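>
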Amino acid sequence: MAPTRLTPFTLVAAIAAALLTGALALPVVALVLRSEPGALLGRMAQPGVLEALRLSLITSVAATALVVVLGTPLAWLLASRAFPGRRAVEVLVQLPMVLPPTVAGVALLLAFGRMGIAGRAFALAGLTLPFTTLGVVVAQAFMAAPFYVLAARAGFASVDRRLIEAARAARADEGHAFRRIVLPLAAPTLAAGMAMTLARALGEFGATITFAGNLPGVTRTLPLAVYLALQTDLDAAITLSVLLLVMSVALLVALRALPASWPGGPGAPGPARH
Amino acid sequence: MLQARLVTRRGPFALDLELSAPERATLVVVGENGSGKTTLLRLLAGLDRPDAGHVRVDGATWFDAATGVNAPPERRSVGWVPQDLALFPHLNAAENVAFGLHAQGVPRDAAGTRTAAMLARLGIAGLADRRPGALSGGERQRVALGRALVLEPRLLLLDEPFAALDRQTRRGVRGELRRLLAGLPCVTVFVTHDPTEALAFGDRIVVLEDGRASQAGDRDDLLRHPRSPYVAEFLGLNLFRGTVTARADGVAHVACDGGTLAVADDGADGEVLVVIAPHEIVLARERPAGSALNVFAGLVEELTPEPPQGERVRVRIASRPPLVAEVTRASAEAMGLAPGVPVHASFKATGTRVFR
């Protein structure tokens, strides 16, 4: 990077950058300042807090797992194959990112609700989604899936086709080549996608409360608990918020630390190019 | 043994080629960039599907358009060394070599033994735990060869094996590869754009032009009877096999069938190939007085316009050793060159190329 000289253009850019950075930092700083670290641990022990934390962890990890299991094959197909309707699938995959979460919640109700299109079939199989923990997982997975699928697709697409061909010519079938070449080389991007997905699932509010409701111990995740606490007990809301903030920051830090040290990551040498 | 006919069309490019090679042979396909060399190898490896034709290796049918047989790459006994080598960057040298063995489900112990033996054979046992990024060009090439050869393929495919190497490395690696290929029990298809490589490596040489074989035959056949301007220009070279007998002041003396040549000394010992481009050879009616170390007298045997309607003439001289020179039509006429006329052919030691 070139050393920065203070030209008028740089100055204007710096001022704009400072404004936005400040706007991003200020709420976080306010939250941290207003929290009392000493009292945090004590409040954590309050009955609803641990319950919501436990539920949030379980559902967001489950949602991430669901997205990884179903999203990895989809991402691979999108990255490596041309097939009819591919454009439509790409738009669908991105849709949750632009859809208001409450709208997603309503749509999920119409699809998976008791009288919904797929809901009846689920009911016959003995599965109920709305207002259950499973419903929370589905809502979170729906909202967070794009983060993983888009990252994974980019990761897969960045694996040099020639390496896959070399693997095939070295007598690896498609599955072996995928496991031993594609997955390890795309791993940093997949991990980044998983972290983003986990973070998005952890913070999910709108689709969850619309589709799964707000039942303590069943569907009341941390973000819902924060909203509820805000009505009655500001300090409790702050405690919960700090908890979520710490988890999000931890994920972000882990995310940034990952790729550089990973074999096959951006820092690792690639094949020679000509 | 390889028998193949490959027909394919990709947009404006069409390939239509018949290839055959006996057991253990090295078949060199030489052609300019874009002539279809890499396409050909991809079709043989099963990475692309031909539109028509067949591929048979040692009695096994890998592809046959007529019956719809098309074995995927992993079901073909090929060794694949692509031009860019395509080593797996996240695996070390030993893991790269062992990759195919693991893919084939060879037990871990056996795979380890075979991998170690292959690394030792290629002289890279000490580099087993290095990743490709920490290897030199020549070392990477050995790893790629090892990855292909450890599977004991029936068909070895080499795509411009020297393209990724610098000039210095290339020189040493060429000789090694030639010895290695000579000892292999499989058919090797070697593609290159460099005619001197083709002459050095090929038992049989196929000249590829615009997706078609403009000529196929053994080395001598090509040298004596170039059938197209391209072949004449790129393969009409003087090639001699001989032994280094003496060296002094940067000049080595190579004894070959017909006589002794003075060549630029690159430190090679033992048997070497010497290549002299026809335009490096100067013709004169009188014995030249200059500094050229190589002067050979003989009668003109044949004159061939080159290109066929062109302004240059290829002159075959019955000297010892026999030489092919290329001169302008004007100078050929000025010297009164015709079959039976005695001439002196000379060239400088620096005008030669030597291969081990």
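Protein chains in written order, with numbering that gives the first Met the number 0: chain A, 0 to 273; chain B, 0 to 355.
The beta carbon of each residue, even a glycine, is placed where N, CA and C say it ideally should be.
All values reported here derive from a predicted model rather than from experimental measurement.
My guess is that Ala236/A and Val225/A are in contact by the Cβ rule of under 8 Å, so how many angstroms apart are they, rounded?
5 Å
> Answer yes or no: do Glu279/B and Phe346/B have a C-beta to C-beta separation smaller than 9 Å?
yes
> How many angstroms separate the CA atom of Phe161/B from the CA atom of Val250/B?
26 Å
> Pro152/B and Ser76/B: beta carbons closer than 9 Å?
The criterion of a C-beta distance shorter than 9 Å is satisfied by Pro152/B and Ser76/B.
> Within 10 Å of its beta-carbon, does Pro99/A have 16 or more other beta-carbons around it, so buried, or fewer, so exposed?
Classification for Pro99/A: exposed.
> Do Ala150/A and Met195/A have their C-beta atoms closer together than 9 Å?
Result yes, Cβ atoms of Ala150/A and Met195/A sit closer than 9 Å.
> Please classify Thr187/B: is it buried, with 16 or more other beta-carbons within 10 angstroms of its beta-carbon, or exposed?
Classification for Thr187/B: buried.
> In or out: Pro21/B buried (at least 16 other Cβ within 10 Å) or exposed?
exposed
> What residues match up with Gly52/B in a beta bridge as DSSP calls it?
Leu5/B
> Measure the C-alpha to C-alpha separation of Ala133/B and Ala200/A and round it to an integer number of angstroms.
41 Å
> So, helix, strand or coil for His273/A, using DSSP?
A caution first: His273/A carries a pLDDT of 34, below 50, which makes its placement in the model too unreliable to give a value.
> Does any CB atom of chain A fall closer than 9 Å to the CB of Phe62/B?
Taking Cβ atoms only, chain A never reaches closer than 9 Å to Phe62/B, which makes this a no.
> Start and end of the beta strand (DSSP E) containing Val96/B?
Note, Val96/B: premise wrong, no beta strand (DSSP E); alpha helix (DSSP H) at Ala92 to Ala102.
> Can you tell me whether Gly134/A is buried or exposed, with buried defined as 16 or more other CB within 10 angstroms of its CB?
buried
> Does Gly111/B get closer than 9 Å to chain A when you measure Cβ to Cβ?
no
> Work out the CA separation of Arg328/B and Ile316/B for me, nearest whole Å.
16 Å
> Would you mind reading off the limits of the beta strand (DSSP E) that contains Val250/B?
Val250 to Cys255
> Return the Cβ separation of Glu31/B and His192/B in integer angstroms, given the expectation that the two are a contact with Cβ distance under 8 Å.
6 Å
> With a threshold of 6 Å on Cβ separation, who are the neighbours of Gly263/A within its own chain once the five nearest residues in sequence on each side are excluded?
Confidence at Gly263/A is low in this model, with a pLDDT of 44, below 50, so the placement of that residue should be treated as unreliable; the coordinate-derived value is given next. Around Gly263/A, the same chain offers Pro183 and Leu184 as residues with beta carbons nearer than 6 Å, after the five sequence neighbours per side are excluded.
> Compute the distance between the beta-carbons of Val149/B and Val206/B, then report whether it is under 9 Å.
No.
> Check distances from the C-beta atoms of the segment 158-172 of chain A to those of chain B and list, in chain order, the residues that come in under 8 Å.
Asp159, Arg161, Leu162, Glu164, Ala165, Ala166, Arg167, Ala168, Ala169, Arg170, Ala171 and Asp172
> Should Arg313/B go down as buried or exposed, given a rule of 16 or more other Cβ atoms within 10 Å for buried?
buried
> Starting from Thr242/B, trace the beta strand (DSSP E) both ways and give me its first and last residue.
Asn237 to Ala247
> Under a three-way DSSP split, which group does Gly263/A fall into?
Its pLDDT being 44, under 50, Gly263/A is placed unreliably by the model, and nothing is read from it.
> Please confirm if His192/B has its CB atom under 9 Å from at least one CB of chain A.
no
> Counting contacts by CB-CB distance shorter than 9 Å, is Ala176/A in contact with chain B?
yes
> If contact is defined by three or more beta carbon pairs under 8 Å, each pair taking one atom from either stretch, is the segment 66-85 of chain A in contact with the segment 245-253 of chain A?
At 8 Å Cβ cutoff, the stretches do not touch.
> Quick one, which of Met334/B, Gly122/B and Asp57/B has its alpha-carbon nearest Met0/B's?
Asp57/B
> In chain order, what are the residue ranges of uninterrupted beta strand (DSSP E) at least 3 long that sit wholly in the segment 273-337 of chain B?
281-283, 293-305, 311-317 and 322-327
> Just to confirm the assignment, what range does the alpha helix (DSSP H) spanning Pro100/A have?
Pro100 to Phe111
> Relative to the alpha-carbon of Thr351/B, which residue among Leu5/B, Leu176/B and Leu272/B has its alpha-carbon at the smallest distance?
For the residues Leu5/B, Leu176/B and Leu272/B, the minimum Cα distance to Thr351/B belongs to Leu272/B.
> Looking at C-beta atoms only, is the number of pairs between the segment 99-114 of chain B and the segment 57-69 of chain B that lie closer than 8 Å three or more?
no
> Quick check: what's the CA-CA separation for Thr66/B versus Arg160/A?
29 Å
> Starting from Leu189/A, find everything on chain B with Cβ-Cβ shorter than 7 Å and list it in chain order.
Neighbours of Leu189/A on chain B: none; closest Cβ ~14 Å, over 7 Å.
> Check whether the Cβ atoms of Leu14/B and Gly35/B lie closer than 9 Å to each other.
yes
> With a threshold of 9 Å between beta carbons, is Arg179/A in contact with chain B?
So, interface residue.
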